[in-house]
Structure formats: structure tokens, C-alpha cells
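Here's the structure, in C-alpha cells; my notes come after.
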Amino acid sequence: MSDHVKPSGGIPVLFEDNHLLGITKPVNVPTQEDASGDPDLLTLLKQDLKERYNKPGNVYLGLVHRLDRPVGGAMIFAKTSKAASRLSETVRGRHFRKIYAAVVHGKLPAQQGTLKHTLLKDARTNTVTAVPKGTPGAKDAVLDYRVIGQTDRYSLVHIELHTGRSHQIRVQMKEAGCPLFGDQKYGAGVNKPGQQIALWSAIAAFPHPVTKEEITLRSLPPREFPWAEWPSSVYEEAFKG
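Using full-length UniProt numbering, the first residue of the sequence shown is number 1, and each one after it goes up by one.
Set out below in C-alpha cells:
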């Protein structure tokens, strides 16, 4: 289930059946409608399903997880409300694997490890801060990381999320002293305006909500800077699914 099947209105399809639609999210497209008014992924995919299957009326497509606007990669949507409900339970029960590729500035304190922080979101500014444990409204954030490539300036990191907090990887990497390449919000001091954030949803894996078969969506980052600092074989080996 790892390779692009066909374009869905220009968006690559990774998996599709009667219950699910798995795609590669393009960078800089909001997952759902936001204040910008820019075309959003949910609306684009609904329109494509309506046209491809010649459906009258409204098309159902359920959002079960999100990617930040500047982030691209593997993403799953539910085509029925039953599938959406079951997938949401899978996410809540932490049976939904989310693995990312990231390029960060500098070198992490160890080649692999676990990062644990308590994060607090300010909805007014849409920013997230690491705060002391016990801070009202804050939530625990946990991820595992493994460095899979290095240059003099950057590290290529395999990241598996164990919690799904807003901006989690971006904030936790910053707290580790290694902000993401291109992250204007949490790495403004080391990044230049206009750079694309180097964070990519490489693998999304979960039991199918109806058949219970293990579904693995895989999407590798584009072959452009800074991703192209490492050969394709590094990604193929690290993100097998």
C-alpha cells in the first residue's frame, strides 16, 4: 500500500476502497477550511470524489487526523461515518502509528532517544510552548527519534509520535536545541523567510476500521533541498513501513 496509485484531482492517492481514502497531502495546503480562505484539502477531495463517482448532493469525507499546513505526506480520510468513528477510536487508543521524516539544525544530544515535554497551546496566537508539568490546560507530549543521516549543519531524523499534540514535533525539536529546517514559527533565528519546513508524514499505519487488515500508507519527501542531502536509499531503508 505504499506507492502512488493515481492522481485524485492532482493529489496522489496511496490507498482507496469503499471506506477509506489515503493520499499524499501537498505542502502549504490547509487540511480543512481556515481563516485564510485558501483551498483546503477536505474540500478539494470531496469535490474530486463527487466528480470521479458522479455523486449527487454532498459527499461525506471524515477528517480523523491533521497535518500542519506547511507539512506534506501520508494522510488518511474516512469515506463513511462508521469508518470515521472507528478510526477516531484507533487514534484515541494510540493504535494509529505516525512516523515522520524531519531535517533539523545541528546535532541531537544522542543518536536515538525519547523526548518528553508538557505542552500548552495558545489558541489566540496558534503557538505552543513547553511548560512545567501540572500547568493547567497543558498536555504531555512523547516521541521517539532516531538520527538516520547527518551533514555538517543538519540531521535527518526518523520520528515516531506517541501523542498527537499540536505542533508537537516542531516544539519538541526546538526544546532539544535542534529546530526544524524552514520552521518560521519555532526556529526564526536560524531559518530564512520563505524556506519550506522540512517535516514530512512518511508513514501512517492502522488497522482497517472494517476488515481489521493492517493498512500502511507510505510517502517519501520530495527530492529537493534539504531532503536531497541524503540519497533515496536512506529513506527507503528507514521508512519501509
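We treat Cβ as the ideally placed atom computed from N, Cα and C, and that holds for glycine.
What is the DSSP secondary structure of residue i, counted as helix, strand or coil?
i: Thr125; result: coil
i: Ser201; result: strand
i: residue 264; result: The structure shown does not extend to residue 264, since the chain spans only 1 to 241, so no value can be given for it.
i: Glu224; result: coil
i: Thr43; result: helix
i: Ser232; result: helix
i: Ala110; result: coil
i: Val131; result: coil
i: Gln150; result: strand
i: Glu89; result: helix
i: Leu67; result: coil
i: Arg218; result: strand
i: residue 242; result: Nothing can be reported for residue 242: it is not among the residues displayed for the chain, which extend from 1 to 241.
i: Glu33; result: coil
i: Glu16; result: strand
i: Ala160; result: Looking at the sequence shown, residue 160 is not Ala but Glu. Three-state DSSP puts Glu160 in a strand.
i: Leu49; result: helix
i: Lys82; result: helix
i: Ala238; result: helix
i: Thr24; result: strand
Measuring alpha carbon to alpha carbon, tell me which residue in the options is nearest residue i.
i: Ala141; options: His105, Leu161 and Thr31; result: Leu161
i: Asp183; options: Lys192, Leu14 and Tyr235; result: Lys192
i: Val59; options: Gln196, Thr43, Pro231 and Ser219; result: Thr43
i: Pro179; options: Gly106, Lys55 and Leu87; result: Gly106
i: Pro12; options: Gln196, Arg218 and Gln150; result: Arg218
i: Ser166; options: Thr151, Ala123 and Phe206; result: Ala123
i: Phe225; options: Tyr53, Val104, Lys50 and Ala204; result: Val104
i: Gln150; options: Asn54, Leu21, Ala204 and Ala102; result: Ala102
i: Tyr154; options: Glu229, Asn28 and Leu20; result: Glu229
i: Ala84; options: Leu21, Pro26 and Arg94; result: Leu21
i: Ile215; options: Thr118, Ala74 and Tyr145; result: Ala74
i: Lys25; options: Pro56, Gln47, Gly72 and Glu51; result: Gly72
i: Lys82; options: His208, Glu213 and Phe181; result: His208
i: Ala176; options: Lys212, Ile197, Ser233 and Gln112; result: Gln112
Could you check the C-alpha separation between residue i and residue j for me, to the nearest Å?
i: Ala202; j: Pro222; result: 11 Å
i: Lys174; j: Leu108; result: 10 Å
i: Val5; j: Ala130; result: Reliability fails at Val5, whose pLDDT of 48 lies under 50, so the model's placement of it is uncertain and no value is given.
i: Trp227; j: Arg97; result: 22 Å
i: Glu33; j: Asp40; result: 5 Å
i: Leu199; j: Ala35; result: 23 Å
i: Ala238; j: Thr127; result: 30 Å
i: Pro70; j: Ile23; result: 16 Å
i: Phe206; j: Pro231; result: 28 Å
i: Val210; j: Thr125; result: 39 Å
i: Gly62; j: Val147; result: 34 Å
i: Ala78; j: Phe15; result: 11 Å
i: Ile99; j: Val91; result: 14 Å
i: Asp3; j: Thr80; result: At Asp3 the pLDDT is 43, less than 50, meaning the model places this residue with poor confidence and gives no usable figure here.
i: Thr118; j: Leu156; result: 24 Å
For residue i, count the other beta carbons within 10 Å of its own beta carbon; 16 or more makes it buried, fewer makes it exposed. Which is it?
i: Gly10; result: exposed
i: Gly189; result: exposed
i: Gly187; result: buried
i: His158; result: buried
i: Asn18; result: exposed
i: Lys185; result: buried
i: Tyr145; result: buried
i: Ala204; result: buried
Within the same chain, show all residues whose beta-carbon is closer than 7 Å to that of residue i, passing over the 5 residues directly before and after it, in chain order.
i: Asp38; result: Pro30
i: Gly137; result: Leu120
i: Ser88; result: Val64
i: Leu220; result: Ala202, Tyr235 and Phe239
Residues in its own chain within less than 8 Å of residue i by CB, not counting five upstream and five downstream?
i: Leu143; result: Thr114, Leu115, Ile159, Glu160, Leu161, His162, Thr163, Gln168, Ile169 and Gln172
Between which residues of its own chain and residue i is the CB-CB distance below 6 Å, once the five residues before and five after are set aside?
i: Gln195; result: Gly182
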